[in-house]
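Those protein sequences? They're chains C and U, same order as listed.
Our numbering puts the first sequence at residues 8 to 122.
Our numbering puts the second sequence at residues 77 to 189.
Below: the structure, in structure tokens.
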Amino acid sequence: AQSVAQPEDQVNVAEGNPLTVKCTYSVSGNPYLFWYVQYPNRGLQFLLKYITGDNLVKGSYGFEAEFNKSQTSFHLKKPSALVSDSALYFCAVRDRRNQGGKLIFGQGTELSVKP
Amino acid sequence: DSGVTQTPKHLITATGQRVTLRCSPRSGDLSVYWYQQSLDQGLQFLIQYYNGEERAKGNILERFSAQQFPDLHSELNLSSLELGDSALYFCASSVGLAGDEQYFGPGTRLTVT
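Take a look at the structure:
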């Protein structure tokens with residue numbers, strides 16, 4: 008069965024420190040991979056995606072993610088965290104074999120950045 | 077602002093009732109998706125329409141139905157509502173199908189009492 012795992016419910020980081028939010032997936036073949044962020048009482052905002060090519064993907068607000076096929080991971084990173092980065096982060100995958108655009112989401116990771 | 081609009085923002089209704097949630101996609105987007113977000117189930121894909129036709133179906137209950145109209149807006153109909161249907165319902169849109177990122181609306185919070 009297709010699935011996405013975000014092993015940490017919460018990540019705490021000090022402002023200015025690097026952050027990593029982990030994601031692993033179980034999907035056959037080479038899936039499309041996405042990261043979204045959700046602020047309180049808001050919809051999800053697209054951050055970045057991996058389709059093909061360079062394993063390091065750069066996205067919005069200084070975030071980047073590294074695709075690792077052998078480890079089936081797609082970890083989200085940022086070199087220097089801001090307090091305003093505090094939010095709920097979702098990793099999602101889409102099976103490339105499907106014609107539809109169904110996204111399978113992880114359970115989310117709450118990122119807390121303290122001053 | 078993603079450009080995806082959803083109405084209403086909040087909906088409170090009783091068990092057994094029927095409600096309709098409305099979504100307008102971003103200008104130019106042909107695909108519309110519906111997702112349900114709840115504390116116990118997380119974010120679950122319900123259904124996708126592309127240019128008026130159903131393209132993918134997820135864990136959508138038989139009591140739920142959706143459609144996409146010629147002007148590309150979409151409606152999600154929820155009937156015989158149960159307490160467990162209380163959730164945030166998101167609509168998202170994308171230009172096409174292959175690898176496109178989806179842009180999410182602000183959601184409709186449904187409370188069934």
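Just so it is clear, CB atoms sit at the ideal spot from N, CA and C, and this is done for glycine as well.
Using a Cβ-Cβ cut-off of 7 Å (strictly less than) and excluding sequence neighbours within five positions of residue i, which residues of its own chain qualify?
i: proline 84(U); result: Thr184
i: serine 156(U); result: Gly92 and Arg139
i: tyrosine 43(C); result: Leu51, Gln52, Phe53, Leu54, Phe97 and Ala99
i: glutamate 22(C); result: Ala88, Leu89, Val90, Val120, Lys121 and Pro122
i: phenylalanine 180(U); result: Ser78, Val80, Phe166 and Ala168
i: serine 33(C); result: Gln9, Ser10 and Thr79
i: leucine 63(C); result: Glu71 and Glu73
i: glycine 172(U); result: Leu106 and Ser107
Please check if any C-beta of chain B sits within less than 8 Å of the C-beta of residue i.
i: serine 170(U); result: Annotation note: the requested chain B is absent from the structure, which comprises protein chains C and U.
Compute the beta-carbon to beta-carbon distance between residue i and residue j, rounded to the nearest angstrom, for a pair I have assumed lies under 8 Å.
i: alanine 132(U); j: lysine 109(C); result: 5 Å
i: glycine 36(C); j: glutamine 124(U); result: Wrong, their Cβ atoms sit about 20 Å apart, outside the cutoff.
i: cysteine 30(C); j: glutamine 17(C); result: Not a contact, Cβ separation roughly 15 Å.
i: histidine 149(U); j: serine 100(U); result: 5 Å
i: proline 146(U); j: glycine 160(U); result: Actually they are not in contact, since the Cβ atoms of proline 146(U) and glycine 160(U) sit about 33 Å apart, beyond 8 Å.
i: glutamine 178(U); j: tyrosine 126(U); result: About 12 Å separates the two Cβ atoms, so there is no contact after all.
Between which residues of its own chain and residue i is the CB-CB distance below 8 Å, once the five residues before and five after are set aside?
i: serine 93(C); result: Leu118, Ser119 and Val120
i: aspartate 176(U); result: Ser107 and Ser170
i: leucine 43(U); result: Residue numbering for chain U in the displayed model covers 77 to 189; residue 43(U) lies beyond these limits and cannot be assessed.
i: arginine 104(C); result: Ser35 and Gly36
Nearest by alpha-carbon distance to residue i: which of the options is it?
i: glutamine 117(U); options: Ser162(U), Asp105(U) and Thr187(U); result: Ser162(U)
i: asparagine 153(U); options: Gln143(U), Gly160(U), Asp147(U) and Leu159(U); result: Gln143(U)
i: phenylalanine 129(C); options: Pro38(C), Arg49(C), Gln17(C) and Asn24(C); result: Residue 129(C) falls outside the range modelled here, since chain C spans only 8 to 122, and no answer is possible.
i: lysine 56(C); options: Phe81(C), Val18(C), Gly115(C) and Asn105(C); result: Phe81(C)
i: arginine 49(C); options: Gly160(U), Leu173(U) and Gln82(U); result: Gln82(U)
i: isoleucine 58(C); options: Glu15(C), Leu40(C), Thr27(C) and Gln114(C); result: Leu40(C)
i: valine 28(C); options: Leu63(C), Pro47(C), Glu71(C) and Asn62(C); result: Glu71(C)
i: tyrosine 111(U); options: Leu159(U), Glu151(U) and Gly172(U); result: Glu151(U)
i: glutamate 15(C); options: Leu95(C), Asn105(C) and Arg103(C); result: Leu95(C)
i: threonine 189(U); options: Tyr109(U), Pro146(U) and Glu158(U); result: Glu158(U)
i: glycine 60(C); options: Lys76(C), Tyr46(C), Ser67(C) and Pro47(C); result: Lys76(C)
Here's a check: name, in chain order, each residue in its chain whose Cβ is nearer than 6 Å to the Cβ of residue i, leaving out the five neighbours to either side.
i: glycine 134(U); result: Phe121 and Leu122
i: isoleucine 111(C); result: Gln9, Val11 and Val100
i: serine 114(U); result: Ala163
i: valine 20(C); result: Leu26, Ala88 and Val120
i: leucine 119(U); result: Tyr111 and Gln113
Is any heavy atom of the ligand FAD found at a distance shorter than 7 Å from the C-beta of residue i?
i: arginine 131(U); result: In terms of ligand content, the structure shown is empty, and the ligand FAD therefore cannot be addressed.
Pull out every residue of the region 109-121 of chain C whose Cβ sits closer than 9 Å to any Cβ of chain U, in chain order.
Lys109, Leu110, Ile111, Phe112, Gly113, Gln114 and Gly115
Output needed in chain order: residues of the region 122-143 of chain U with a Cβ under 7 Å from some Cβ in chain C.
Gln124, Arg131, Ala132 and Gly134
Inside the region 11-99 of chain C only - beta strand (DSSP E) runs reaching at least 3 residues
17-21, 26-28, 31-33, 39-45, 51-57, 63-65, 71-75 and 80-85
Positions along the region 106-118 of chain U whose CB lies within less than 7 Å of some CB in chain C
Ser107, Tyr109 and Gly118
Mind listing, in chain order, the continuous beta strand (DSSP E) runs of no fewer than 3 residues lying wholly within the region 129-162 of chain U?
129-133, 140-144 and 150-154
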